[in-house]
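Residue numbers (the numbering used here): 4 to 261. Where is the CB? At the ideal position from N, CA and C, for every residue including glycine.
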Amino acid sequence: MPTRRNLIAGSAAIAAGTLIGTPAAASTRSKPTVVLVHGAFADASGWNDVARILLHHGHRVIAPANPLRGLAADSAYLASVLGTLPGPLVLVGHSYGGMVITNAARDNPHVTALVYVAAFAPDAGETLHELQVRYTGTKLDESALDFRPHPGGYDGYVKPERFREVFAADLPRHVTDLMAVTQRPGDTTTLGEPSGVPAWRTIPSHFLIARDDNLIPAAAQRFMATRAGARTVEVKASHVAMMSQPRATAALIRKAAR
Numbered sequence: 004m005p006t007r008r009n010l011i012a013g014s015a016a017i018a019a020g021t022l023i024g025t026p027a028a029a030s031t032r033s034k035p036t037v038v039l040v041h042g043a044f045a046d047a048s049g050w051n052d053v054a055r056i057l058l059h060h061g062h063r064v065i066a067p068a069n070p071l072r073g074l075a076a077d078s079a080y081l082a083s084v085l086g087t088l089p090g091p092l093v094l095v096g097h098s099y100g101g102m103v104i105t106n107a108a109r110d111n112p113h114v115t116a117l118v119y120v121a122a123f124a125p126d127a128g129e130t131l132h133e134l135q136v137r138y139t140g141t142k143l144d145e146s147a148l149d150f151r152p153h154p155g156g157y158d159g160y161v162k163p164e165r166f167r168e169v170f171a172a173d174l175p176r177h178v179t180d181l182m183a184v185t186q187r188p189g190d191t192t193t194l195g196e197p198s199g200v201p202a203w204r205t206i207p208s209h210f211l212i213a214r215d216d217n218l219i220p221a222a223a224q225r226f227m228a229t230r231a232g233a234r235t236v237e238v239k240a241s242h243v244a245m246m247s248q249p250r251a252t253a254a255l256i257r258k259a260a261r
């Protein structure tokens, strides 16, 4: 009869084989971890469909909560998260999340690619507001925002009646109504906070340009993508391209992860 010790040892061996001995698990180990970073007025749930596709293809995926308390603070927080992850890493930023990955990836040898999804890709010294208004077309102006005080300053929210037009015009209204009431605000100081030396100077970058974006004009996205030397794909999408075009978004991320 097998002893209790032998049974435990055998069970551990079977579990180990299940976790690390199968082709699917081995494939997961060989692929980069994909870190999905959301921007302002949103949360990590916007990545759900993209994450589902990436998981199906064997990637580890993490979509941390972006604090939205300021560029330096948010970048430091993401850098601390990256410090807990084994490499290689592919960082994906949407909207303001692009500014965060641009700064958080700097000097991290495990980051092999940056992917910008309808995102800001700033150069040193540039601010979010400066990039947003460099080209005409943004519908996110002061009239589209509500401002609410908090102990450290003011938060900005997109007005519910303007949310769909500004943020997600190609999604169903019942979806955008929920997004508007659950949006996470950004601290207004973020608008004028200068970015640091960009990681895209030394790390290969990729860019998904949303042609129908009412928050970051497509012309601004093309400018930033060209400047970064990014491999670029354009899609017919609103600002939330990862939600309305999840397959195209996931395909670009998978290319960056090769």
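Supposed close pair residue i, residue j - CB separation, criterion 8 Å
| i | j | result |
| --- | --- | --- |
| P249 | I56 | 6 Å |
| A68 | D46 | 7 Å |
| V169 | V161 | 6 Å |
| S98 | A43 | 7 Å |
| F166 | Y157 | F166 to Y157, Cβ: 19 Å. No contact. |
| P188 | L71 | 7 Å |
| T36 | L88 | 6 Å |
Proximity below 8 Å, CB of residue i to CB of residue j
| i | j | result |
| --- | --- | --- |
| M102 | L131 | yes |
| D215 | A147 | no |
| V64 | L92 | no |
| R257 | H60 | yes |
| A66 | W50 | yes |
| A121 | H209 | no |
For residue i, the nearest candidate out of the options (CA to CA)
| i | options | result |
| --- | --- | --- |
| L194 | D144, L58, A228 | D144 |
| T235 | R225, S241, A54 | R225 |
| D52 | A76, R230, M245, Y157 | M245 |
| V40 | P112, N106, R204 | N106 |
| F123 | A254, I256, T229 | T229 |
| P125 | G140, T139, R109 | R109 |
| L94 | A76, H62, L71 | H62 |
| P152 | L181, D190, E168 | D190 |
| A116 | V38, R137, P220, G159 | V38 |
| P220 | S98, L85, T141 | T141 |
| Q186 | G100, G159, G199, A127 | G159 |
Alpha-carbon to alpha-carbon, residue j and residue i
| i | j | result |
| --- | --- | --- |
| A240 | L218 | 12 Å |
| A211 | A260 | It should be pointed out that residue 211 corresponds to Leu in this sequence rather than to Ala. When rounded, the distance between both Cα atoms is 15 Å. |
| V238 | G73 | 30 Å |
| E196 | Y119 | 20 Å |
| L134 | A223 | 7 Å |
| P112 | A213 | 30 Å |
| G227 | E129 | Just to set this straight, residue 227 is Met in the shown sequence, not Gly. Approximately 12 Å, taken between the alpha carbons. |
| P175 | G96 | 23 Å |
| G199 | G86 | 19 Å |
| A127 | L255 | 26 Å |
Status (buried if at least 16 other CB within 10 Å, exposed otherwise) for residue i
| i | result |
| --- | --- |
| P154 | exposed |
| P201 | buried |
| T252 | buried |
| R204 | exposed |
| A54 | buried |
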